[in-house]
DNA sequence: TGCGGCTTTGTTACTCTATACCATGATGCC
DNA sequence: GGCATCATGGTATAGAGTAACAAAGCCGCA
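Chains as they are written, first to last, in the numbering used here: chain A, 162 to 326; chain B, 162 to 326.
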């Protein structure tokens with residue numbers, strides 16, 4: 162289960178990833194302000210670390226990096242921050258990897274759907290039109306009331322197909 | 162993360178669950194025979210234990226039950242059996258629970274989609290027409306080649322809604 | 001300005017999930 | 001019977017997540 166793939170900070174060709182991070186933080190501040198929630202130093206730092214790449218990051222990897230900062234963090238510190246960030250819609254959990262990734266659209270609540278590259282490790286959030294509704298309505302036909310959905314597809318991104326990974 | 166919901170052997174009203182188990186084993190034998198794979202005693206036993214209920218079962222719960230049988234099993238024993246059973250399509254993994262459930266349609270390979278009741282714990286495998294194709298084709302538009310999919314919806318089954326769980 | 005309640009963080013210890021690694025045994029093929 | 005392959009045993013350890021309680025910080029308010 163260990164993720165042996167490499168991490169990339171560039172999901173769709175080269176880009177200024179530092180901008181992704183600063184943008185994510187700025188939007189997080191706006192979202193928290195709107196929700197009346199406190200984006201504390203800890204939480205902000207964890208969010209930054211999640212955004213270090215476009216590949217989902219494990220909680221213990223975040224922990225390690227926090228410790229490199231000189232803080233004496235323990236697992237609950239990280240998990241609590243992640244829980245908060247997920248509540249605010251700033252971070253999503255990738256179930257098939259037990260890992261976390263920043264949400265590019267935190268302003269509006271949505272059902273996250275992901276493409277996960279098995280070669281570079283990147284996660285790309287997509288929204289397939291009508292998919293969430295289709296799942297919910299098929300469930301409803303069976304009398305099942307859907308509260309949350311997980312949709313994750315694993316495979317190869319176009320870049321990794323080309324490089325023959 | 163511990164699953165605190167109760168387990169049920171009856172996903173859709175009362176039924177003769179013993180029949181589910183014997184049926185699953187019989188079909189597993191046929192599937193393995195066709196694949197030229199060996200359904201050893203261990204593997205058969207693990208499959209039986211997975212089928213003890215329609216709620217996904219954790220690997221360590223299987224381990225515990227194996228030990229009650231008097232065998233001296235260790236985690237790798239269980240995980241190896243589960244890996245084999247998944248390769249044969251006899252068992253599916255429920256990612257959002259880190260647990261395993263028997264497949265009711267092992268003869269034909271398919272993309273498993275699940276409804277997971279948060280009250281009784283049951284998992285119902287469904288196949289929403291066109292959903293897998295829709296995911297794959299939307300991915301293809303983005304240049305992404307899908308190899309595997311996970312679709313899991315959590316909520317309340319009709320029975321648990323009625324009983325006000 | 002200091003009290004009281006709430007939220008956030010620290011700390012320890014633990015449970016649960018999963019795999020690496022090496023040794024041993026079974027099976028089938030020739 | 002010898003050999004390769006597959007399956008299991010067994011130890012140890014990595015990785016993921018949580019319970020429980022203590023301490024610190026923040027905020028509103030008298």
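Note that CB positions come from ideal geometry on N, CA and C, so glycine has one too.
Just so we're clear, the structure is a prediction, and the values are computed from it rather than from any experiment.
Residue i and residue j closer than 8 Å at C-beta
{"i": "residue 212 of chain B", "j": "residue 181 of chain B", "result": "yes"}
{"i": "residue 315 of chain B", "j": "residue 216 of chain A", "result": "no"}
{"i": "residue 292 of chain B", "j": "residue 295 of chain A", "result": "yes"}
{"i": "residue 208 of chain B", "j": "residue 185 of chain B", "result": "yes"}
{"i": "residue 267 of chain B", "j": "residue 188 of chain B", "result": "yes"}
{"i": "residue 223 of chain A", "j": "residue 299 of chain B", "result": "no"}
{"i": "residue 311 of chain A", "j": "residue 183 of chain B", "result": "no"}
Option in the options with minimal Cα separation from residue i
{"i": "residue 246 of chain A", "options": "A:263, A:233, A:191", "result": "A:263"}
{"i": "residue 259 of chain B", "options": "B:232, B:275, B:218", "result": "B:218"}
{"i": "residue 320 of chain B", "options": "A:235, A:178, A:306", "result": "A:306"}
{"i": "residue 257 of chain A", "options": "A:196, A:195, A:279, A:239", "result": "A:279"}
{"i": "residue 251 of chain A", "options": "A:302, A:191, A:235, A:276", "result": "A:191"}
Distance between beta carbons of residue j and residue i, contact taken as under 8 Å
{"i": "residue 330 of chain B", "j": "residue 220 of chain B", "result": "For chain B, the structure presents residues 162 to 326; residue 330 of chain B sits outside this window and is missing."}
{"i": "residue 269 of chain B", "j": "residue 196 of chain B", "result": "That belief does not hold up - the Cβ atoms of residue 269 of chain B and residue 196 of chain B are roughly 13 Å apart, past 8 Å."}
{"i": "residue 277 of chain B", "j": "residue 303 of chain A", "result": "Not a contact, Cβ separation roughly 13 Å."}
Straight-line Cα distance separating residue j from residue i
{"i": "residue 286 of chain B", "j": "residue 313 of chain B", "result": "9 Å"}
{"i": "residue 254 of chain A", "j": "residue 318 of chain A", "result": "20 Å"}
{"i": "residue 179 of chain A", "j": "residue 231 of chain B", "result": "57 Å"}
{"i": "residue 214 of chain B", "j": "residue 233 of chain A", "result": "44 Å"}
{"i": "residue 261 of chain A", "j": "residue 241 of chain B", "result": "27 Å"}
{"i": "residue 239 of chain A", "j": "residue 175 of chain B", "result": "44 Å"}
{"i": "residue 166 of chain B", "j": "residue 322 of chain B", "result": "Reliability fails at residue 166 of chain B, whose pLDDT of 44 lies under 50, so the model's placement of it is uncertain and the value that follows must be treated cautiously. When rounded, the distance between both Cα atoms is 14 Å."}
{"i": "residue 162 of chain B", "j": "residue 281 of chain A", "result": "Low local confidence applies: a pLDDT of 35 at residue 162 of chain B is under 50, so the model's placement there is unreliable, with the coordinate-based value given in what follows. Taking the straight line joining both Cα atoms gives about 28 Å."}
{"i": "residue 301 of chain A", "j": "residue 202 of chain A", "result": "42 Å"}
{"i": "residue 177 of chain A", "j": "residue 198 of chain B", "result": "50 Å"}
Sequence-distant residues of the same chain with beta carbon closer than 6 Å to residue i, five excluded per side
{"i": "residue 324 of chain A", "result": "none"}
{"i": "residue 229 of chain A", "result": "none"}
Residues of its chain near residue i, where Cβ-Cβ distance is below 7 Å and the 5 sequence neighbours each way are ignored
{"i": "residue 200 of chain B", "result": "189, 190, 193"}
{"i": "residue 271 of chain B", "result": "288"}
{"i": "residue 265 of chain A", "result": "286"}
{"i": "residue 164 of chain B", "result": "Unreliable placement is indicated for residue 164 of chain B, whose pLDDT of 37 sits below 50; the coordinate value is still reported in the next sentence. Answer for residue 164 of chain B: 258, 282, listed in chain order."}
Cutoff 8 Å; reference residue i; Cβ partners in own chain excluding five residues on either side
{"i": "residue 236 of chain B", "result": "220, 221, 224"}
{"i": "residue 297 of chain A", "result": "307, 310"}
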